[in-house]
Amino acid sequence: MSVDLPRAELDSMSIVLVGAFNPRIFHPAWLVAHGLVPEGDADTAEINIINNNVSLFTFDWCRIEVLENRFLIGSHTASNVDIVRDLILGMLRTIQYTPIERMGLNRQCHFRLPNEMLWHDFGHRIAPKAVWEPILKNPGMRSINIEGAREDGLPGHTRVVVEPSKRSDHGIYVDINDEFVTDDENDTEWACQILEENWEPHRRTSERIFDHLLRIAVGGVDNEPA
Numbered sequence: 001m002s003v004d005l006p007r008a009e010l011d012s013m014s015i016v017l018v019g020a021f022n023p024r025i026f027h028p029a030w031l032v033a034h035g036l037v038p039e040g041d042a043d044t045a046e047i048n049i050i051n052n053n054v055s056l057f058t059f060d061w062c063r064i065e066v067l068e069n070r071f072l073i074g075s076h077t078a079s080n081v082d083i084v085r086d087l088i089l090g091m092l093r094t095i096q097y098t099p100i101e102r103m104g105l106n107r108q109c110h111f112r113l114p115n116e117m118l119w120h121d122f123g124h125r126i127a128p129k130a131v132w133e134p135i136l137k138n139p140g141m142r143s144i145n146i147e148g149a150r151e152d153g154l155p156g157h158t159r160v161v162v163e164p165s166k167r168s169d170h171g172i173y174v175d176i177n178d179e180f181v182t183d184d185e186n187d188t189e190w191a192c193q194i195l196e197e198n199w200e201p202h203r204r205t206s207e208r209i210f211d212h213l214l215r216i217a218v219g220g221v222d223n224e225p226a
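Below, the structure is given as structure tokens:
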């Protein structure tokens, strides 16, 4: 029997890089100078802070945060994800000799379940309360974090975090992290290759995970559908 699954009320993404960065160079004007964003976007950008230790600014369609050892770019609008990917590819090729140790492709969604009963039942299914009832009064699931090996055999992992949503009543929040790791000191071309080859597989994997969890929540299915 076909089951209508809830649509995401908020669908956001981020790309996180771990390496060695110079935060001060990352500025809206720098992006314009390298032809990576239109000049109009730079004119309307909101600059929170830019110094030797941190660079933080936002456009209407994405947010960029750079520390000395961490780079994050993200968007809260699903329609902009490919634009964000293209921007980070352009930025990485501009700083091509920067060492990158690992990269995370992340997707976060909030879903509202049809009613409170299904919401509670979903929590019972993925975190059975019988284990905790002998030692806790009225136990409830606040966060569950599951990590698995990558299916493509690349170094890294896939991690899924499930929590009650703070944005809607009887809602669930799902955070999917695809991490890629290199043992060698690689420049940005390694990250570009991973991003180009694994962007669509990451999107498909996240959709499959969302679908599976929502079928458990709405349809009471405990295993992967055939």
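Under full-length UniProt numbering, the first residue of the sequence shown is numbered 1, with each subsequent residue one higher.
Here a beta-carbon is modelled for each residue, glycine too, at the ideal position from N, C-alpha and C.
Computed from a predicted model, the values in this text were never measured in an experiment.
Going by C-alpha distance, which of the options is nearest residue i?
i: V181; options: W190, V174 and Y173; result: W190
i: D15; options: G35, P38, V37 and R85; result: Going by the sequence as given, residue 15 is Ile instead of Asp. That would be R85, whose Cα lies nearest to the Cα of I15.
i: I123; options: P23, R142 and E207; result: For clarity, residue 123 is Gly in the given sequence; the question names Ile instead. Nearest C-alpha to G123: R142.
i: G104; options: D178, L67 and S79; result: D178
i: T77; options: D4, A8, T44 and D43; result: A8
i: R208; options: D184, T158 and D187; result: T158
i: D183; options: G156, D121, C109 and S55; result: G156
i: V54; options: F21, W30, H170 and T205; result: F21
i: S206; options: N80, S79 and V160; result: V160
i: H170; options: E200, K137 and D121; result: D121
i: E163; options: C109, I88 and F59; result: C109
Could you tell me if residue i is buried or exposed, where buried requires 16 or more neighbouring beta carbons within 10 angstroms of its beta carbon?
i: P225; result: Residue confidence is low: P225 scores 44 on pLDDT, short of 50, so the model does not pin down where it sits. No coordinate-derived value is stated.
i: E65; result: buried
i: I73; result: buried
i: H202; result: buried
i: M117; result: exposed
i: G40; result: exposed
i: D211; result: exposed
i: A42; result: buried
Compare the beta carbon distance of residue i and residue j with 8 Å and say whether it is the shorter of the two.
i: R107; j: I176; result: yes
i: W119; j: I83; result: no
i: A127; j: I144; result: yes
i: G19; j: P99; result: yes
i: L67; j: P23; result: yes
i: S12; j: S75; result: yes
i: F57; j: A45; result: yes
i: residue 230; j: P38; result: What the structure shows of the chain is the stretch from 1 to 226, and residue 230 is not part of that stretch, so it cannot be assessed.
i: R70; j: I216; result: no
i: residue 234; j: Y97; result: Residue 234 is absent from the model: the chain starts at 1 and stops at 226.
i: G219; j: V81; result: no
Counting pairs of beta carbons, one from the stretch 195–210 and one from the stretch 87–104, are three or more of them closer than 8 Å?
yes
Do three or more CB pairs link the stretch 132–140 to the stretch 47–63 at distances below 8 Å?
no
Taking contact to mean at least 3 C-beta pairs separated by less than 8 Å, is the stretch 29–43 in contact with the stretch 111–119?
no
Please specify which runs of the alpha helix (DSSP H), each continuous and at least 4 residues long, are wholly inside the stretch 56–124, giving them in chain order.
81–94
Runs of alpha helix (DSSP H) wholly within the stretch 1–60 (minimum 4 residues, chain order):
28–33 and 39–44
In chain order, each beta strand (DSSP E) run of at least 3 residues that lies wholly inside the stretch 112–186:
144–149, 156–164 and 171–186
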